[in-house]
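S.K.: Counting in the working numbering, the sequence shown runs from 3 upward without gaps. Every residue gets a Cβ at the ideal spot worked out from N, C-alpha and C, and that includes glycine. No experiment lies behind these values; they were computed from the predicted model shown.
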Amino acid sequence: MIMGMSDDMKLAPDAMLGPSRLEMPEKAATVEWGEYRASVLCQVCHGVGLLGNQPPDPASPPAPDLRTTQSWGLDGFIKTIREGVTPSDRHLDAAFMPWKQIGHLDDVELEALYKYIGTL
Ligand code: HEC
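(1) Does the beta carbon of Ala65 fall short of 7 Å from some heavy atom of the ligand HEC?
(2) Applying the 10 Å Cβ sphere with the 16-neighbour rule, what's the burial state of Thr82?
(3) Can we count Asp26 as close to the ligand HEC, meaning its CB is less than 7 Å from some heavy atom?
(4) With respect to 7 Å, is the separation between the Cβ of His48 and the closest non-hydrogen atom of the ligand HEC below this value?
(5) According to DSSP, what are the bridge partners of Val87?
(6) Would you kindly report the start and end of the unbroken alpha helix (DSSP H) that includes Gln45?
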């Protein structure tokens, strides 16, 4: 006899999961994954659609519109996030832009974010 999933579990109606439950896409270098990660990781500071915003910390400089990063190319984007320095040699303040933490995201995650930003 196979143990595990009971008939009761299979019968649980979808409604029990709650109406506001977010569909989590599959992790891949896709626009869908990038949009999901941006909503969780970047939007709080860079604003809805990553079009630029004042972060919650009033002492922070504004978080820029990220569409400008598309001129950097994927490699330039990844390098900026990993090293905290933009292609135009601007040093990002780690106290306000958490590039050290974000830099730990793997290449798949960063490529997904870059692709999503390309759709904005
Ligand atoms: C806690 C707030 C915060 C979060 C979260 C955050 N950022 Fe930022 N980000 C900033 C601020 C503030 C700046 C500007 C820093 C500076 O001028 O030194 C910035 C700058 C940047 C820049 C440089 C843009 C430019 O044109 O120079 C990039 C790229 C960037 N962020 C990407 C991201 C991505 C991608 C995420 C999510 C994975 C993210 N940030 C999450 C606050 C944040």
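M.R.: Taking the coordinates as given:
(1) Flag set: Cβ of Ala65 near the ligand HEC.
(2) buried
(3) It should be noted that the sequence gives Met, not Asp, for residue 26. No, the beta carbon of Met26 sits no closer than 7 Å to any heavy atom of the ligand HEC.
(4) yes
(5) His93, per the DSSP bridge assignment.
(6) 45-48
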